[in-house]
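In UniProt numbering, the protein residues as written are 1 to 144.
Every residue, glycine too, gets a C-beta built ideally from N, C-alpha and C.
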């Protein structure tokens with residue numbers, strides 16, 4: 001939801017909702033309420049120009065590169081969504097995680113894995129002494 005505070009407040013308070021109610025249904029009903037929708041000028045991002053819900057729509061996205069940098073394209077709408085919503089089952093979350101390996105600016109065709117080069121610890125050529133650690137356990141062979 002994007003908007004000004006008074007309008008958002010009106011959407012959120014147009015009817016009561018319990019903590020365990022379906023929040024998506026709440027907003028769907030607000031949108032389907034023609035009077036509320038028209039009064040508040042509610043719009044949906046039908047073309048995924050800002051948001052893209054991944055559940056049921058993973059196959060609409062393609063990871064592309066321009067000037068070495070990754071970006072997403074919604075093939076059906078020919079749009080470039082900026083925000084991904086990883087709603088739905090685990091497979092959607094895995095897909096979101098996969099995209100997160102590239103976006104935003106985590107991997108490019110020139111440098112490869114950019115985020116892999118962050119916070120790297122360089123080990124010196126000096127001899128490093130490691131303390132020996134022994135773990136002893138009692139193993140009672142033949143005991144009853």
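Beta-bridge pairing of residue i - partner residues as DSSP gives them
{"i": "residue 64", "result": "71"}
{"i": "residue 84", "result": "52"}
Straight-line gap, residue i to residue j (C-alpha atoms, nearest Å)
{"i": "residue 67", "j": "residue 108", "result": "9 Å"}
{"i": "residue 135", "j": "residue 124", "result": "29 Å"}
{"i": "residue 29", "j": "residue 46", "result": "17 Å"}
{"i": "residue 8", "j": "residue 106", "result": "34 Å"}
{"i": "residue 4", "j": "residue 10", "result": "10 Å"}
Whole-Å CB distance - residue i paired with residue j, under 8 Å assumed
{"i": "residue 72", "j": "residue 61", "result": "5 Å"}
{"i": "residue 63", "j": "residue 99", "result": "7 Å"}
{"i": "residue 82", "j": "residue 42", "result": "Going by Cβ atoms, the distance from residue 82 to residue 42 rounds to 20 Å, so no, they are not a contact pair."}
is_contact[residue i, chain D] using C-beta, thresh 7 Å
{"i": "residue 112", "result": "Chain labels in this structure do not include chain D; a single protein chain is all it has."}
Where residue i falls: helix, strand or coil (DSSP)
{"i": "residue 108", "result": "strand"}
{"i": "residue 53", "result": "strand"}
{"i": "residue 124", "result": "coil"}
{"i": "residue 115", "result": "helix"}
Range of the contiguous alpha helix (DSSP H) that encloses residue i
{"i": "residue 101", "result": "Counting along the chain, residue 101 falls outside any alpha helix (DSSP H), and DSSP gives it neither H nor E."}
{"i": "residue 35", "result": "34-40"}
{"i": "residue 13", "result": "5-13"}
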